[in-house]
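Peer 1: Sending over a structure as structure tokens; questions will come in a sec.
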Amino acid sequence: MDTCSEKTLLARIREGDDTGFEELVAVHSSRILSLAWRLTGDREEAEDIAQEAFLRLHRSVGDFRGDSSIATWLYRTVTRLAIDYLRRRKLRKRIFFFRRDGEEADPLDFVPDSAVSQGDRFFAGEIRMRLDRAMRRLSARQRVVFTLRHYEEMPLKEIAAALDLEEGTIKAHLHRAVRILRQELKDLYEELS
Amino acid sequence: MNKPSESLSCRPQWLTLYYYGELEGDDRLWVENHLQGCAVCRRELVELESALDALPKGETAFSPGEIRAFDERVCRRIRPEHRLPVRPALGWTLAAATAVLLMVVLHAPTPVPQQPPSEVALQRAGEAGRLPDAEMLLNLELLENLDLLQELEGTGSSG
Chain A
1 MDTCSEKTLL ARIREGDDTG FEELVAVHSS RILSLAWRLT GDREEAEDIA
51 QEAFLRLHRS VGDFRGDSSI ATWLYRTVTR LAIDYLRRRK LRKRIFFFRR
101 DGEEADPLDF VPDSAVSQGD RFFAGEIRMR LDRAMRRLSA RQRVVFTLRH
151 YEEMPLKEIA AALDLEEGTI KAHLHRAVRI LRQELKDLYE ELS
Chain B
1001 MNKPSESLSC RPQWLTLYYY GELEGDDRLW VENHLQGCAV CRRELVELES
1051 ALDALPKGET AFSPGEIRAF DERVCRRIRP EHRLPVRPAL GWTLAAATAV
1101 LLMVVLHAPT PVPQQPPSEV ALQRAGEAGR LPDAEMLLNL ELLENLDLLQ
1151 ELEGTGSSG
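First to last, the protein sequences are chains A and B.
The opening residue of the first sequence carries number 1 in our numbering; numbering runs sequentially from there.
The opening residue of the second sequence carries number 1001 in our numbering; numbering runs sequentially from there.
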């Protein structure tokens, strides 16, 4: 969505035209849901976080100055909500230390693509499950930085701006995240090669 | 932490940034020159590339139908009619509750002479139009037994 049509849409929403907001949701929901899912690894939580981001946008649309695009604003909000969630989850995990990692994985996260063969499907599911487990080893910030850079292909400068952190810190988080993931998935890579 | 085989000039973090295209100008040039002379870093970069390229990309967790359902849910939350129905519903509930209360007050039964507890309980259950449940029956039975015991006790003490 270009800046001009975004401004028009925002003006409509400010005037109380809810269909304008519906259009906005339709434009951004797919990416925002996907981002929230990648950040949390949990479908239900992803929906809650994405919904909360849209509702916050609706509440603050009157004050929206347009310094950043709506997409950037939503990305930033989802990222912050996800960091909060991930930190809470880690804390819960520390409290209920007896809970194993594997028990937390949601089987629905691994719903296969019908276009691929059963063997590939099994292997893709296995990779996804292992990746999900490995991602849980990362700190909230490491996970967010890695997801935004690797999957969302967001430049590090933008990530730094979204998280209010120095670019150097973001670089360090990315490198550590990559190192941990490689370590966690080492045997899987060996199988692949 | 550098691997033992890495030289002091190796910069593993830069390889990660190089992979993601996050190095510019002199920094990028430095890595490219370094790679030419460092077999360890060349190998490290190959491994890094294959590791990161192997991670599944482009997956979608939500089907188009699920995304549409999500959109509808969000839009329902912001529509005024989503918030307004609470008031009329509350109004009707209050009106109905007041009417029921008035009926109860106006049609309150006149006080009846003192009756044994079991009869009172049965009569109240009958007024409510429902049969006493098993627990109530059990309680009534206990009360009757208590009455019987008291009677027997009275008989014993008088005799």
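All C-beta atoms, glycine included, are put in the ideal place defined by N, C-alpha and C.
Suppose the cutoff is 7 angstroms on Cβ atoms and the five residues either side in sequence are ignored; what does the same chain contact list for residue 138(A) look like?
Peer 2: Closer than 7 angstroms at Cβ, skipping near neighbours: 146, 177, 180.
Peer 1: Here's the rule I'm using: 16 or more other beta-carbon atoms within 10 Å means buried, otherwise exposed. How should residue 135(A) be labelled?
Peer 2: Label assigned to residue 135(A): buried.
Peer 1: Taking residue 10(A) as the reference, which of 71(A), 79(A), 186(A), 182(A) has the closest Cα?
Peer 2: The residue with the shortest Cα to Cα distance from residue 10(A) is 71(A).
Peer 1: Using 10 angstroms around the beta-carbon of residue 1096(B), count the other beta-carbons present and answer buried if the total reaches 16, otherwise exposed.
Peer 2: With fewer than 16 other Cβ atoms within 10 Å, it is exposed.
Peer 1: Identify, in the order they occur along the chain, each residue of the same chain with its Cβ nearer than 6 angstroms to the Cβ of residue 184(A), setting aside the five sequence neighbours on each side.
Peer 2: The answer, listed in chain order, is 134, 137.
Peer 1: I need the DSSP call for residue 21(A), collapsed to helix, strand or coil.
Peer 2: Note: residue 21(A) maps to helix in three-state DSSP.
Peer 1: Quick one, are the C-beta atoms of residue 95(A) and residue 188(A) less than 8 angstroms apart?
Peer 2: For residue 95(A) and residue 188(A), no; Cβs fall outside 8 angstroms.
Peer 1: Please identify, using Cβ separations under 7 angstroms, the residues of the segment 12 to 26 of chain A that lie next to chain B, in order along the chain.
Peer 2: Under the 7 angstroms Cβ criterion, the segment 12 to 26 of chain A contributes 18, 21, 22, 25, 26.
Peer 1: Check for me: the alpha helix (DSSP H) holding residue 1069(B) runs from which residue to which?
Peer 2: Where residue 1069(B) is concerned, the enclosing alpha helix (DSSP H) stretches over 1064 to 1078.
Peer 1: Within a Cβ cutoff of 6 angstroms, which residues of the same chain sit near residue 1017(B), ignoring the five residues on either side of it in sequence?
Peer 2: Once the five neighbours on either side are set aside, the close Cβ partners of residue 1017(B) are 1023.
Peer 1: Along the segment 129 to 158 of chain A, what residues have a CB closer than 8 angstroms to any CB found in chain B?
Peer 2: Within the segment 129 to 158 of chain A, the qualifying residues are 131, 149, 150, 151, 155, 156.
Peer 1: What does residue 1017(B) touch in chain A if you count any residue whose Cβ is under 7 angstroms from its own?
Peer 2: Within chain A, the residues near residue 1017(B) are 171.
Peer 1: So residue 150(A) and residue 1055(B) are supposed to be a Cβ contact under 8 angstroms. How far apart are they, rounded?
Peer 2: With a Cβ gap of about 7 angstroms, residue 150(A) and residue 1055(B) count as contacting.
Peer 1: Could you check what DSSP says for residue 107(A) in three-state terms: helix, strand or coil?
Peer 2: With a pLDDT of only 47 at residue 107(A), under 50, the local geometry of the prediction cannot be trusted, and the value read off the model is given with reservation. Residue state, collapsed to three classes: helix.
Peer 1: Chain B beta carbons: is any one of them nearer than 8 angstroms to that of residue 37(A)?
Peer 2: Yes, because at least one Cβ of chain B sits closer than 8 angstroms to the Cβ of residue 37(A).
Peer 1: Tell me whether residue 153(A) sits in a helix, a strand or coil according to DSSP, three-state version.
Peer 2: Reduced to three states, the DSSP call for residue 153(A) is coil.
Peer 1: Here's the rule I'm using: 16 or more other beta-carbon atoms within 10 Å means buried, otherwise exposed. How should residue 1041(B) be labelled?
Peer 2: Under this definition residue 1041(B) is a buried residue.
Peer 1: Determine which residues of the segment 38 to 54 of chain A have a Cβ less than 9 angstroms from any Cβ of chain B, and write them out in chain order.
Peer 2: Of all residues in the segment 38 to 54 of chain A, 38, 43, 46, 47, 50, 51, 54 have a Cβ within less than 9 angstroms of some Cβ in chain B.
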